[in-house]
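Chemist: For the record, in the sequence shown the residue sitting at position 250 is 1435 according to my numbering, with numbers rising by one throughout.
Heads up, the beta-carbon is just placed ideally off N, CA and C, and yes, glycines get one too.
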Amino acid sequence: MIQSSSKISDGKIFDIVVILISAVILVIVLYPLLFVLSASFSDPAKVMNGEMWLFPVDFNLDAYAEIFKNSEIWIGYRNTIIYTTLGTIINIGLTTLAAYPLSRRDLPGRNLMMFLITFTMFFHGGLIPTYLIVQNLGMIDTIWAMVIPNAIATYNLIVMRTYFQTSIPWELQEAAMIDGCSNIKLLFKIILPLSKPIIAVLVLFYAVAHWNAFFNALIYLRDDALYPLQLILRQILLVNQLGGTDSAGQFGMDEKILLGQSVKYALVVVASVPVLIMYPFVQKHFVKGVMIGSIKG
1186 MIQSSSKISD GKIFDIVVIL ISAVILVIVL YPLLFVLSAS FSDPAKVMNG EMWLFPVDFN
1246 LDAYAEIFKN SEIWIGYRNT IIYTTLGTII NIGLTTLAAY PLSRRDLPGR NLMMFLITFT
1306 MFFHGGLIPT YLIVQNLGMI DTIWAMVIPN AIATYNLIVM RTYFQTSIPW ELQEAAMIDG
1366 CSNIKLLFKI ILPLSKPIIA VLVLFYAVAH WNAFFNALIY LRDDALYPLQ LILRQILLVN
1426 QLGGTDSAGQ FGMDEKILLG QSVKYALVVV ASVPVLIMYP FVQKHFVKGV MIGSIKG
């Protein structure tokens, strides 16, 4: 009885320590998000003076009004939605078509192929050779420069391949092949219907990566009409005004510098909302998808 009580006591202490550590981590992660959200709805002067620390002070929507009436923001939003949608479709399609054959036991040389693919995670040609390839393919200043160069993420490919190997019985695939099922039919009729969890996770991974991407746009795009939302956000954060010379007139450089500060916070909120909305729909698959990558395969 004494040993049992001691074990229970140790278990409770462990639970309390875990809860306390989790609470501290939650506060550290959650506070900046709440601060940005509250600052976007607060009087910018109060924010600059440090009078706002958690909840909005002197609630106003001036920053959001400036955002929603600016055409550059809407163009960036439209472009980002296009890049995210088109890019994620390409990512999932190519990753699936690569992961499925690599997961099959009857594929000759699959271990060598996986070694060469994994090799690219650690060694690659670099920015200049990549830029020259994109330029020679005629993709500079086109939407394809935003979706083709990163069409397959090696880590995501390994995760999907591991899922196919560990979560879908090989005997099921053999039985389907014996019944006359072709590889294409096997993929679309059996493999993909059983792979909804991993597809949902990779959709989240790829979509978030596309939504937050700005470096490729910075390198490959010259036309302002093709800029994604994140590149516009970057410009705002760097120059403290919206866009370029046109935006300078809007904010006035002096009399509206405080409003420019609020616009930065508001734009961070506006740019994050779609991802925050999408995440709950795939949350139940998220942990499983992350753990798949750690399974030996």
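Can you tell which of Pro-1413, Ile-1384, Lys-1381 and Ile-1369 has the C-alpha that lies nearest to the C-alpha of Asn-1401?
Modeler: Taking only the C-alpha atoms, the option nearest Asn-1401 is Pro-1413.
Chemist: Excluding the five sequence neighbours on either side, which residues of its own chain have a C-beta within less than 8 Å of the C-beta of Thr-1279, listed in chain order?
Modeler: Position check: residue 1279 holds Leu in this sequence, whereas Thr was assumed. Result list for Leu-1279: Ala-1336 and Ile-1337, in chain order.
Chemist: Counting beta carbon pairs with one atom in the stretch 1453-1468 and one in the stretch 1377-1390, are three or more of them shorter than 8 Å?
Modeler: Yes, they touch.
Chemist: Would Ser-1288 and Gln-1350 be called neighbours here (beta carbons separated by less than 8 Å)?
Modeler: The answer is yes: Cβ separation under 8 Å.
Chemist: Exposed or buried, Met-1331, counting other C-beta atoms within 10 Å across all chains shown (16 or more means buried)?
Modeler: It counts as buried.
Chemist: Expressed to the nearest angstrom, what Euclidean distance is found between the alpha-carbon atoms of Lys-1381 and Val-1393?
Modeler: Between Lys-1381 and Val-1393, the C-alpha separation is close to 18 Å.
Chemist: Counting only the same chain and skipping the five closest in sequence on each side, list residues whose C-beta sits under 8 Å from that of Leu-1357.
Modeler: For Leu-1357, where only same-chain residues beyond five positions count, the Cβ hits under 8 Å are Ile-1375.
Chemist: Using only CA atoms, which one of His-1395, Val-1448, Asp-1409 and Asp-1408 lies nearest to Pro-1459?
Modeler: Per the Cα distances, His-1395.
Chemist: Within 10 angstroms of the Cβ of Lys-1197, are there 16 or more other Cβ atoms? Answer buried if so, exposed if not.
Modeler: Lys-1197 is exposed by the Cβ-count criterion.
Chemist: For Arg-1346 and Ala-1284, I'd like the C-alpha separation in whole angstroms.
Modeler: Computed Cα separation, rounded: 5 Å.
Chemist: Would you tell me roughly how many angstroms separate the C-alpha atoms of Met-1483 and Val-1448, rounded to the nearest one?
Modeler: Lying outside 1186 to 1482, the shown extent of the chain, residue 1483 is not represented and no answer is given.
Chemist: Figure out for me which residue from Ile-1252, Ile-1333, Ile-1313 and Pro-1241 has the closest Cα to the Cα of Asn-1276.
Modeler: When each option's Cα is compared against that of Asn-1276, the closest is Ile-1333.
Chemist: What are the boundary residues of the alpha helix (DSSP H) that includes Glu-1321?
Modeler: It is Asn, not Glu, that sits at residue 1321 in the sequence shown. Counting along the chain, the alpha helix (DSSP H) containing Asn-1321 begins and ends at 1312-1321.
Chemist: Name the two residues that bound the continuous alpha helix (DSSP H) containing Leu-1271.
Modeler: From DSSP, the alpha helix (DSSP H) with Leu-1271 extends over 1256-1288.
Chemist: Quick check: the stretch 1239-1259 against the stretch 1295-1312, are there 3 or more CB pairs under 8 Å?
Modeler: Touching, no, given that fewer than three Cβ pairs across the two stretches are closer than 8 Å.
Chemist: Specify the secondary structure class of Tyr-1412 as computed by DSSP and reduced to three states.
Modeler: Coil, per DSSP.
Chemist: Looking at Met-1306 and Ile-1339, is the spacing between their C-beta atoms short of 8 Å?
Modeler: Per the sequence shown, residue 1339 should be read as Thr rather than Ile. Yes; because the gap between Cβ atoms is below 8 Å, this pair is in contact.
Chemist: Work out the CA separation of Ala-1451 and Arg-1407 for me, nearest whole Å.
Modeler: Distance between the alpha carbons of Arg-1407 and Ala-1451: 26 Å.
Chemist: Confirm, please, whether the CB-CB distance from Val-1319 to Ile-1325 is below 8 Å.
Modeler: Against a cut-off of 8 Å, the Cβ pair of Val-1319 and Ile-1325 comes out as a contact.
Chemist: Any heavy atom of the ligand SAM closer than 7 Å to the Cβ of Ala-1392?
Modeler: Of ligands this structure carries none, so the ligand SAM is not represented either.
Chemist: Could you give the C-beta distance for Ser-1223 and Val-1454, rounded to a whole number, given that I count them as a contact under 8 Å?
Modeler: Not a contact, Cβ separation roughly 10 Å.
Chemist: Are the CB atoms of Ala-1456 and Gln-1420 within a distance shorter than 8 Å?
Modeler: The answer is no: Cβ separation not under 8 Å.
Chemist: Does DSSP classify Ile-1196 as helix, strand or coil?
Modeler: Sequence check: residue 1196 is Gly here, not Ile. Three-state DSSP puts Gly-1196 in a helix.
Chemist: Identify the continuous alpha helix (DSSP H) that holds Trp-1355 and give its terminal residues.
Modeler: Segment 1355-1363, the alpha helix (DSSP H) holding Trp-1355.
Chemist: Should Ile-1417 and Ile-1201 be called a contact, given that it needs their Cβ atoms to be closer than 8 Å?
Modeler: Contact: no.
Chemist: So, is Ile-1485 buried or exposed, given that buried needs 16 or more other C-beta atoms within 10 angstroms?
Modeler: Any property of residue 1485 remains undetermined from this structure, which presents the chain solely from 1186 to 1482.
Chemist: Could you tell me the distance, in whole angstroms, from the CA atom of Gly-1310 to the CA atom of Leu-1205?
Modeler: About 46 Å.
Chemist: Suppose you measure from the CA of Val-1209 to the CA of Phe-1220; what does that come to, to the nearest Å?
Modeler: Cα-Cα distance, rounded: 17 Å.
Chemist: Restricting to runs no shorter than 4 residues, where is the alpha helix (DSSP H) found entirely within the stretch 1378-1403?
Modeler: Counting whole runs of 4 or more residues, the stretch 1378-1403 contains the alpha helix (DSSP H) stretches 1381-1397.
Chemist: Is it buried or exposed, Asp-1364, if we count other Cβ atoms within 10 angstroms and call 16 or more buried?
Modeler: The residue in question, Asp-1364, is exposed, as its Cβ has fewer than 16 Cβ neighbours within 10 Å.
Chemist: Give the secondary structure of Pro-1229 by DSSP, where H, G and I count as helix, E and B as strand, and everything else as coil.
Modeler: Pro-1229 falls in the helix class under three-state DSSP.
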